[in-house]
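Here full-length UniProt numbering is used: the first residue of the sequence shown is 1, the next is one more, and so on.
Just so it is clear, CB atoms sit at the ideal spot from N, CA and C, and this is done for glycine as well.
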Amino acid sequence: MNPHRKLLILTMIFLLVFFSTIGCKKQENNIGEPNENKKPEQNAKIPPPNEMILSAEAWKDQYPLIYESLQMTSRFKDGVTEDPELGGSHPISYLEKYPDIKILYDGIGFGKEYYAARGHFYSLTDVINTARPKPGASCLACKTADYEKLLLEYKDEFYAMDFHKVSQEIENGITCYTCHRNEPGKQIQTTTPQFNAASSKLEKDLKPGTLACAQCHVEYYMEPTTKEVILPWDQGLEIAEIEKYYDDLDYYDWKHPRTGTPLIKVQHPEFETYTGSIHDKMGVTCADCHMPTVEENGEKYKSHWAKSPLKNVNESCGTCHSAEIDGLTAKVQSIQKEIDDQLLEIGAMLVTLVEEFGHVLENNKLDDPAMNELWDLHRKAQYRWDFVFVENSTGFHHTEKARNALKEAKDYAQQALDKLKEYQ
Ligand code: HEC
Ligand code: HEC
Ligand code: HEC
Ligand code: HEC
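What follows is the structure, encoded as structure tokens:
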């Protein structure tokens, strides 16, 4: 081993031991205060169902400002102008904005109805009201604080139970319990079972401000028979690693009705996208940008109004980027414009692919190798495009990752188109 490397490793070991002892000390001394160095209480005890404090109102008197800020996630008209073209929280229908997805998502619910996400306040209402078919009660996994209680009650049978029947029993959307159980103000506690099962596969402990969000803002799938929600992290969090996980299982969400391609429908991989970004490397958490500390009448508190940081760039980004704050929104939007343009261009290529593939199948008998090659190229291309398309920051969270994925998507789509030309 070269001496530099050895020195580096020794220094790292020293730092690791040093910091982990500080971490432990802090944990003993400061119980009750949120602290980035604490190891979050992921294994904290689940309270018995009758002692679970599931409604946010229960904390209204003790934490009035935080409670109010959580209620603010119900607002999307807040007097601040949003750019209706990109991001933001308008209840916009993606089907109107991107008509191509009617063809790309043909055969799956998202091709019928697909609205942009809204604030946490609406999580339960919106999942109940979508017209998309629901395979089971698992759809409630990231929508209600009651989830842990329901699972204790119904055990493994819960996932496949009738969605509408179960949702009638539920009163709460995302509340304090979702991220703190009965102990708001202490360390973050994670309450989504699929995350708790998968988190041991992560390479490092997450900071509280990221941990809370990684519970839900992730890619997932449902185990086809049990309908259990699972995070596909066995191979890692990168786009190709998640794909490999699905490939190894021969997993697909649906087969495209016109081409027969076994496709993957990506969900909302904010956490996976953010992983490895410059901000992740610098230790900036989701909450730093989406739940900044704010001040009201001289009182400082952590805003629980999780929303687009562009609505208050000063608070969300100004702590670190004060020197360049004026141009920052424009910078974010120019990244988003670039990615959005690519999404439209590659989306259109994929539509051509689906249509030409469909024509070829109508008029030719393809042999197995040719068929498999085309399916493989279509699956790879659409998966990468979808990963960036459904990620809610339109490329901001990790611009390089989004660019690379789209470049690969384009290459695979082009290869498929070239191959199809052989039959025309
Ligand atoms: C460095 C700051 C920063 C970090 C860190 C960050 N985000 Fe974001 N996030 C943004 C910006 C900027 C946008 C784009 C907002 C827009 O288009 O209006 C965004 C968009 C989003 C959106 C869509 C919001 C909307 O209103 O359209 C979600 C959801 C989101 N981020 C979740 C997360 C999660 C989860 C994490 C952590 C895994 C995270 N973000 C980390 C800055 C950040
Ligand atoms: C979506 C997850 C989430 C929900 C829901 C949530 N919190 Fe938090 N809360 C956080 C995060 C993240 C932090 C910051 C943790 C850290 O950095 O240590 C935090 C911090 C806090 C703190 C201490 C931080 C401070 O300086 O003010 C209190 C108190 C708190 N939350 C109370 C509540 C209450 C009360 C509710 C319900 C009305 C609630 N939280 C709902 C995620 C959540
Ligand atoms: C229990 C699951 C869950 C947790 C935990 C969670 N979210 Fe969400 N989040 C959702 C759901 C579901 C929606 C969409 C709600 C809707 O459209 O009705 C959403 C929406 C959002 C939006 C609004 C998107 C938009 O376009 O307006 C932002 C911003 C956001 N979350 C950020 C965060 C951050 C930051 C954290 C961590 C502090 C977090 N979320 C934790 C489930 C969760
Ligand atoms: C807690 C500190 C912190 C916060 C909050 C923060 N950033 Fe950063 N940001 C950094 C650091 C550190 C870097 C890397 C050093 C640099 O390039 O200046 C960085 C880099 C960037 C870059 C350059 C990325 C690249 O690939 O070169 C952009 C753009 C950016 N931040 C935008 C934002 C926006 C927009 C927000 C608010 C939504 C934000 N940041 C919030 C610390 C922060």
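For E238, there is no enclosing beta strand (DSSP E), since its DSSP letter is neither H nor E.
Take the alpha-carbon of I103 and the one of P64: they are about 47 Å apart. If you look at V294, you'll find it isn't in any alpha helix (DSSP H); it sits in the beta strand (DSSP E) that goes T293 to E296.
With respect to the 9 Å criterion, E408 and A370 are not classified as neighbours on the basis of their beta carbons. Assigned with DSSP and collapsed to three states, L263 falls in strand. DSSP places M282 outside both helix and strand once states are collapsed to three, so it counts as coil. The alpha-carbon of I128 is positioned some 12 Å away from that of A141. At least 9 Å separates the beta-carbon of T175 from that of L249. Excluding residues up to 5 positions away in sequence, R181 and N182 lie with their Cβ nearer than 7 Å to the Cβ of P47 in the same chain.
Bridge partners of Y63 according to DSSP: none are assigned. Residue state for K302 is assigned as strand, using DSSP reduced to three classes.
Spatial neighbours of K255 in its own chain (CB-CB distance under 8 Å, excluding positions within 5 residues in sequence) are listed in chain order as G107, T261, P262 and L263. The residues L343, in chain order, have a CB closer than 6 Å to that of F389 in the same chain once the five nearest residues on each side in sequence are set aside.
Excluding the 5 residues flanking it on each side, W375 has same chain C-beta neighbours closer than 6 Å at T261, in chain order. The nearest non-hydrogen atom of ligand 3 is 8 Å or more from the C-beta of R181. Each residue's CA atom was taken as its position, placing G209 and H279 some 13 Å apart. No Cβ-Cβ contact shorter than 9 Å links A416 with R384. Segment contact: the stretch 139-158 against the stretch 179-198, three or more CB-CB distances shorter than 8 Å; contact assigned. Considering only K410, R379 and G358, the residue with the shortest C-alpha distance to L420 is G358. Counting along the chain, the unbroken alpha helix (DSSP H) around P193 starts and ends at P193 to A198. Note on geometry: alpha-carbon atoms of K60 and S308 lie some 24 Å from one another.
For V127, the CB falls within less than 8 Å of some heavy atom of ligand 3. Looking at the backbone, the Cα of H164 and that of Y423 are separated by about 47 Å. Using a C-beta cut-off of 8 Å, the stretch 390-401 makes contact with the stretch 266-281, since at least three inter-stretch Cβ pairs fall below that distance.
In the three-state scheme derived from DSSP, where H, G and I count as helix and E and B as strand, K255 is classed as strand. By the Cβ-count criterion, E228 is buried, with 16 or more other Cβ atoms from all chains shown falling within 10 Å of its own Cβ. Rounded to the nearest whole angstrom, the C-alpha separation of H217 and E315 is 22 Å. Distance from the Cα of K97 is smallest, within the candidate group G347, H120 and A160, for G347. The beta carbon of L124 sits closer than 6 Å to those of K143, T144 and G173, all from its chain and outside the five residues before and after it, given in chain order. For A212, the Cβ falls inside the 8 Å cut-off from some heavy atom of ligand 3. Residues A214, H217 and V218 of the same chain have their beta carbon placed closer than 6 Å to that of F271, with the five preceding and five following residues left out of the count. For ligand 4, a non-hydrogen atom lies closer than 8 Å to the CB of M282.
The closest heavy atom of ligand 3 lies 8 Å or more from the beta carbon of C320. Only exposed fits P49, as fewer than 16 other CB atoms lie within 10 angstroms of its CB. In this structure, the C-beta of H279 approaches ligand 1 to less than 8 Å from one of its heavy atoms. Proximity to V284 across C320, K302, G298 and S303 peaks at C320, based on C-alpha coordinates.
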